[in-house]
Amino acid sequence: MDIDGVVAIGAIFVGLPWVILHYITKWKTAATLTGDDEALLEELYQLARRLDERMDTVERLVAAEHPEFHPGVPLSSFGVPNRETDNLPLREIERLRAQKGVR
Amino acid sequence: MSVHTRFYRDKANGKFMGVCAGIADYTGIDVLWVRVATLILLFCSGGSAWLAYFAIGFLADKKPRELYTDTQEQRFWQGVRQSPSRTAREVRASFRDIDRRLASVEAYYVSSNPRLADEIEKLR
């Protein structure tokens with residue numbers, strides 16, 4: 001009985017605040033997105049989208065001018081086409097590298 | 001305060017005060033499941049969940065009309081709110097993608113040089 005009371009009081013007055021404060025400190029030290037970061041991320045995202053669209057246009061123009069150029073067909077060691085089947089593994093690699101902490 | 005990473009209630013798509021629609025918009029979870037979960041919470045917990053709902057409903061700002069231009073942008077910002085570092089890596093991946101495609105066009109022009117071949121053909 002006495003032991004139970006001590007355990008209960010200990011849990012409420014020491015354990016609970018401990019857990020709460022532990023998570024508060026974790027939350028405070030977690031990497032947060034500042035306003036500047038957000039603006040930068042937005043700019044990069046919009047830039048990537050614009051460049052992607054321009055790249056589509058360029059590929060279409062080159063393909064129209066030179067029928068032997070197909071963005072979907074590899075031409076040289078560098079001429080790898082833009083296919084979603086290639087991009088997916090690349091993103092997977094990015095994700096795995098991030099999990100292992102490789103920059 | 002950052003515009004894209006704060007919570008808004010989405011009155012335009014909402015049923016009552018737009019709190020559920022706002023949560024769905026913030027997290028990217030389908031609005032139906034948010035509503036189901038909210039209803040279960042409201043009926044199971046009694047008073048406190050109602051209080052929380054109305055507190056959010058009255059305190060949260062309404063979502064600005066032109067916050068996102070399209071659904072792709074909306075999904076991007078949902079990703080940012082879930083994990084900024086993952087989204088940053090995705091942006092980097094798309095830049096690498098563009099780099100690779102540009103390299104392929106460049107390689108085509110450098111290796112085969114069709115314009116130079118055309119010029120030579122004209123001069124003959």
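The listed protein sequences correspond, in order, to chains A and B.
Numbering-wise, my numbering puts 5 at position 5 of the first sequence, and it's gapless, one number per residue.
Numbering-wise, my numbering puts 85 at position 85 of the second sequence, and it's gapless, one number per residue.
Don't be surprised by glycine CBs; every beta carbon is placed ideally from N, CA and C.
| query | Considering only the beta carbon of each residue, do residue 65 of chain B and residue 5 of chain B sit closer than 8 Å? | reply | In this structure, residue 5 of chain B does not lie closer than 8 Å to residue 65 of chain B by Cβ.
| task | Take residue 31 of chain B as the anchor and find which of B:86, B:11 and B:102 has the nearest alpha-carbon. | result | It is B:11 whose Cα lies nearest to the Cα of residue 31 of chain B.
| First and last residue of the uninterrupted alpha helix (DSSP H) at residue 66 of chain B | Note, residue 66 of chain B: premise wrong, no alpha helix (DSSP H); not H, not E.
| field | Interface residues of the stretch 92 to 109 of chain B facing chain A [CB-CB below 9 Å] | value | Going along the stretch 92 to 109 of chain B in chain order, one finds 92, 93, 94, 95, 96, 97, 98, 100, 101, 102, 103, 104, 105, 106, 107, 108 and 109 with a Cβ nearer than 9 Å to chain A.
| query | Thinking C-beta only, is residue 17 of chain B closer than 8 Å to residue 47 of chain B? | reply | Residue 17 of chain B sits away from residue 47 of chain B, with the two beta carbons spaced by 8 Å or more.
| field | CB contact check: residue 101 of chain A to chain B, cutoff 8 Å | value | Output row for residue 101 of chain A: interface = no.
| query | With a cut-off of 8 Å, do at least 3 Cβ pairs link the stretch 62 to 71 of chain A to the stretch 40 to 54 of chain B? | reply | Judged by Cβ distances under 8 Å, the stretch 62 to 71 of chain A makes no contact with the stretch 40 to 54 of chain B, as fewer than three pairs qualify.
| said: On the DSSP letters alone, give me the boundaries of the alpha helix (DSSP H) that residue 47 of chain B sits inside. | reply: Start and end: 47 to 59.
| query | When burial is assigned at 16 or more other CB atoms within 10 Å of the CB, is residue 50 of chain A buried or exposed? | reply | Here residue 50 of chain A is exposed: its Cβ has fewer than 16 other Cβ atoms, across all protein chains shown, within 10 Å.
| message | Using C-beta distances below 6 Å, list every residue in its chain close to residue 13 of chain B, excluding the 5 sequence neighbours before and after it, in chain order. | response | Cβ within range, chain order: 21.
| According to DSSP, which residues form a beta bridge with residue 100 of chain A? | DSSP output for residue 100 of chain A lists no bridge partner at all.
| message | By the three-class DSSP mapping on this structure, what secondary structure does residue 81 of chain B have? | response | It is helical.
| request: With DSSP collapsed to three states, give me the class of residue 35 of chain B. | output: The answer is helix: DSSP assigns residue 35 of chain B an H, G or I state.
| message | Tell me the DSSP secondary structure of residue 29 of chain A in three-state form. | response | Residue 29 of chain A: helix per DSSP, three-state reduction.
| said: Can you look up residue 49 of chain A in the DSSP assignment and give me helix, strand or coil? | reply: Per DSSP, reduced to three states, the secondary structure at residue 49 of chain A is helical.
| said: Counting C-beta neighbours from all protein chains within 10 Å, is the total for residue 64 of chain A 16 or more, i.e. buried, or is it exposed? | reply: Residue 64 of chain A comes out exposed.
| task | Please report the residue range of the alpha helix (DSSP H) in which residue 22 of chain B lies. | result | For residue 22 of chain B, the enclosing alpha helix (DSSP H) stretches over residues 19 to 27.
| said: Would you say residue 78 of chain A lies against chain B (beta-carbon separation less than 8 Å)? | reply: Confidence in residue 78 of chain A is poor, its pLDDT being 43 and thus under 50, which makes the residue's placement too unreliable to answer from.
| query | Using a Cβ-Cβ distance under 8 Å, would residue 88 of chain B count as near chain A? | reply | Yes, contact with chain A.
| C-alpha gap between residue 77 of chain B and residue 118 of chain B, whole angstroms | Going from the Cα of residue 77 of chain B to the Cα of residue 118 of chain B covers about 47 Å.
| query | When burial is assigned at 16 or more other CB atoms within 10 Å of the CB, is residue 54 of chain A buried or exposed? | reply | Per the 10 Å Cβ criterion, exposed.
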